[in-house]
Amino acid sequence: MNRRKFLKVSALAGGGMMLSFSWLAGCKPTPEEVSNLPKAWFELNSYIKIGDNGLVTLMAPNPEFGSNVKTSLPMMLAEELDIDWKNVIVEQADFYPERFDRQFTGGSLAMQMAWKPLRTAGATARHMLVQAASKAWQVPAGEITTKNGVLHHKASGKEAGYGEIASQAAGLTVPEEVPLKKVGDFKIIGNSKRNVEGANIVTGKPLFTLDHKQEGMLIAMMAHPPAFGLKVKSVEDSAAKAMPGIRDVFVIKTLAEDYVRNGFDTTSFTELVVVVGNTTWEVMNAKKALKVEWEKTADATVAVAGWGGKQQSVIIPAGLESTEGHLAKMAEMARKPGKVLRKDGDPEGVFQQAAKVIERTYTAPFLAHNCMEPVNCFAHVTAEKAEIIAPIQAPESIMQALSARLGMPKEKIQIRLARMGGGFGQRAYGHHLVEAAVISQKLNAPVKLVYTREDDMTYGIYRPTYTATYKAALDENNNMIAYQVKAGGIPESPLGFAQNRFPAGAVDNYLAEEWVLNSNITIGAFRAPRSNFLGAVEQSFLDEVAELAGKDPIDFRLDLLERAKSKPVGEQNDYNPDRYAGVLKLVRDKADWKRNKDGVHRGVSAYFCHNTYVAQVIDLTMKEDKPVVEKVYAAVDCGVVVNPDAATNMAEGGIIDGIGNALFGEMTFEEGVPQKKNFDTYRMIRHSEAPKAIEVHFVKSEVDPTGLGEPLFPPIFAALANAIYKATGRREYTQPFLQDKQPLV
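When the letters of the sequence shown are read in order and numbered with mature numbering (1 follows the signal peptide of the UniProt record, and there is no 0), they come out as residues -25 to -1, 1 to 720.
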């Protein structure tokens, strides 16, 4: 947050006592059973309210979907404010960009983007309290210290709690700048704090949009085309309308034909058949009674405003696509020259003269997000305003579409941020908010839109399907002298922005190429976009190269990283070789890598993405010809770890999620129809299939925090594949690894 932005939110907060709050920023304590609420609150800035009894409300600005930002971000505020954590109430902020900076959770960016702005907000509030005490006590501000929410002046013996001085502090001028604590002085950051929503979660309190109820609220469900490449032709709805509890059946268009989308306005189907009624069960049954005739779409072009505001035209081809056809087309593209993203030296010439050459191709399918909470949204749109309660990662990105479709200025649209039952990138896309709002506006009533699991799984916004061919050359001394990657996918390449990652810079002759095939199957961010494929296959391939060279896989990687450090090739390498090598050495030591144990097979991987370095070792056994993950060791360099328990939980979640997707994850298509519609066919990892133990080791660091929600996901695929090879002698070139989708145990 820059100086101008901070002054804006601080000034907007008002400089005085606030006894009530607008519908844009209502105060609802967490936990709700706070018995000693103050009689008055004093707002020092958008993030901090101090009660006259010393309680402090800290705003959690970002949406929460299980990464525990609702606890970890307020810890930054509390650290610099110098408040006792036991006196803190955490409140989920509504979406309010005039008051809160960058309310987005995703891309593993929450901690690093909030690191300085939130600490500055806390430090500024503390500074204003000190200045107010200085004025009240007539002593130099430099002689006043703070500790656990209490101001002290040692020379005079005066002291006061923050609550006693907050009213005077709230009226002071916001300082130009304030010093921030050194990492070594932290008392809250770096020490685990329990999830502030923990009690509400385990006792089943209403936290999700699906829990929301309102007088006069109707339930809506929608029918979308059964295949990508189809659209509504006609609807016979008389039977559905005649069923008990049904209020209406109609067709809506969610986006105008000339609407210019942004990068998060991904919408699979813009014309939907909607059923509205009194209860979910009644609406679900009426939806089954619909008779909808579908017809094929034609080629279409949509306008999209790309990053930086540059508008581009995106072609959506007609046709009913199938997985078999996708694989054939990708294989054909892989044989053709691609677009060169980076070239060092003369890789083509070196491959012709090399002592040994190895080439391997890897393929991965579309993946569905399958959050435990299906897509849903509450909307109440009137002529005066629109109130929306939704699980949404990126509320700011959907505001443009909402405003345009409702014909309402953005300042009249309020998005309340409900806790999400998972996100993984799916809820960066807000089509469900537009759908619910359009339905509510048409009916002039509050509406809760509910997707069935089948709706959710077949609607799109999948992880793309990818393929990559890797090639490496060794000289007579088994040194890697050339390396090539050619990658592409439908409808996106996994390689863009990754051409400068390891092992680029560690080999003299290097070539990175990409290609793309267009599609009408919609895709979007998935946990660790692009990296979730590249990290998996690159690290699998490097194990094969190490074996061909007759080297230990960790030593092989460390030798390359030493080369990247001592004599780097090129100037665009985007990783730090020392930090990369550091996690490999740490996991090697913690796992006792060279240890041999009968029946236990080990695989290793390491990857850098989202500015974080990760290395992993898997211990695997075989049971009834199926792999069983006994233990995972992970070493992570993500800078300062704000909340160690929460960080460990995220790391464990990424590991388990990655293993599940590697073994089972797959969405296939036949004539445009998704072939898996629920968990009876789309296999998810089960409790018995999770690792029996996970050790996560964080590198002690004073570097600003980097990403954590995603970086442990990509390399676990490769660690698993490499361990399976050690156990079976079979290399995994196609995901998912277990094609029969049977339980492991």
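Cβ atoms here follow ideal geometry from the backbone N, Cα and C, with glycine treated the same way.
Check                                                                                                      : Outcome
Which residues DSSP lists as bridging T276, in chain order                                                 : I290
Nearest to R236 (by Cα), restricted to the options V277, H199 and W256                                     : V277
7 Å Cβ cutoff met for P689 and Y582                                                                        : yes
D567 CB to nearest heavy atom of the ligand ADP below 6 Å                                                  : Of ligands this structure carries none, so the ligand ADP is not represented either.
Cβ shell of A420 (< 7 Å), same chain only, five flanking positions each side left out                      : G191 and L193
In DSSP terms, what L424 is bridged to                                                                     : A195 and C352
Rounded separation between H344 and K14 - CA only                                                          : 45 Å
Integer Cβ distance of N248 from M197, believed to fall under 8 Å                                          : Here the sequence assigns Val to residue 248, which means Asn is not the residue at that position. Yes, they are in contact, since the Cβ atoms of V248 and M197 sit about 6 Å apart, within 8 Å.
When T681, G405 and E605 are compared against N351, the one with the closest alpha-carbon                  : G405
3 or more residues per run - each beta strand (DSSP E) lying fully within the stretch 66 to 127            : 119 to 122
Buried/exposed call for A412, threshold 16 Cβ in 10 Å                                                      : buried
Residue environment, G1, which counts as buried when at least 16 other CB atoms sit within 10 Å            : Interpretation of G1 is limited by its pLDDT of 35, a score under 50 that renders its predicted location unreliable; the figure taken from the coordinates is listed afterwards. Under this definition G1 is an exposed residue.
Cβ pair F692, G633 closer than 7 Å                                                                         : yes
Selected residue, minimal CA-CA separation from E599, among I630, T703 and A665                            : T703
Reduced DSSP category for S580 - H, G, I as helix; E, B as strand; rest coil                               : strand
Identified DSSP bridge partners for F644                                                                   : P649
A96 versus A35 - alpha carbon distance                                                                     : 13 Å
CB of G463 within 7 Å of CB of V491, strictly                                                              : yes
Through-space distance from P340 to Q710, alpha-carbon basis                                               : 7 Å
Distance between T121 and F78 (C-alpha atoms, nearest Å)                                                   : For the record, residue 78 in the displayed sequence is Gln; it is not Phe. Using only the alpha carbons, I get a separation of about 30 Å.
Residue range of the alpha helix (DSSP H) that includes A511                                               : S506 to A524
Separation of A393 from K45, as counted between CA atoms                                                   : 12 Å
H672 - partner residues in DSSP beta bridges                                                               : A610
Status (buried if at least 16 other CB within 10 Å, exposed otherwise) for N11                             : exposed
Between the CA atoms of R502 and H585 - distance to the nearest angstrom                                   : 11 Å
N- and C-terminal bounds of the beta strand (DSSP E) containing I221                                       : I221 to K228
Under the three-state DSSP convention, the category K162 falls into                                        : coil
F673, buried or exposed, once every other Cβ within 10 Å from all chains shown has been counted against 16 : buried
Residue(s) in a DSSP beta bridge with A448                                                                 : V332 and A457
Span of the beta strand (DSSP E) around S209                                                               : L205 to E211
Alpha-carbon spacing of K311 relative to Y458, whole angstroms                                             : 18 Å
From R538, S676, F508 and P686, residue whose alpha carbon lies closest to that of L588                    : Per the sequence presented here, residue 588 reads as Tyr, with Leu not at that position. Cα-wise, what sits closest to Y588 is P686.
Per-residue DSSP class, three states only, for K3                                                          : Only weak support is given to the placement of K3: the predicted model assigns it a pLDDT of 40, under 50, and the value that follows is read from those uncertain coordinates. Correct three-state label for K3: coil.
N-terminal and C-terminal residue of the beta strand (DSSP E) that G138 is part of                         : Per DSSP, G138 belongs to no beta strand (DSSP E); it is in the alpha helix (DSSP H), Y137 to A144.
Helix, strand or coil at G463 according to DSSP, with G and I counted as helix                             : strand
Opening and closing residue of the beta strand (DSSP E) in which L492 lies                                 : Unbroken run through L492: none, as it is neither H nor E.
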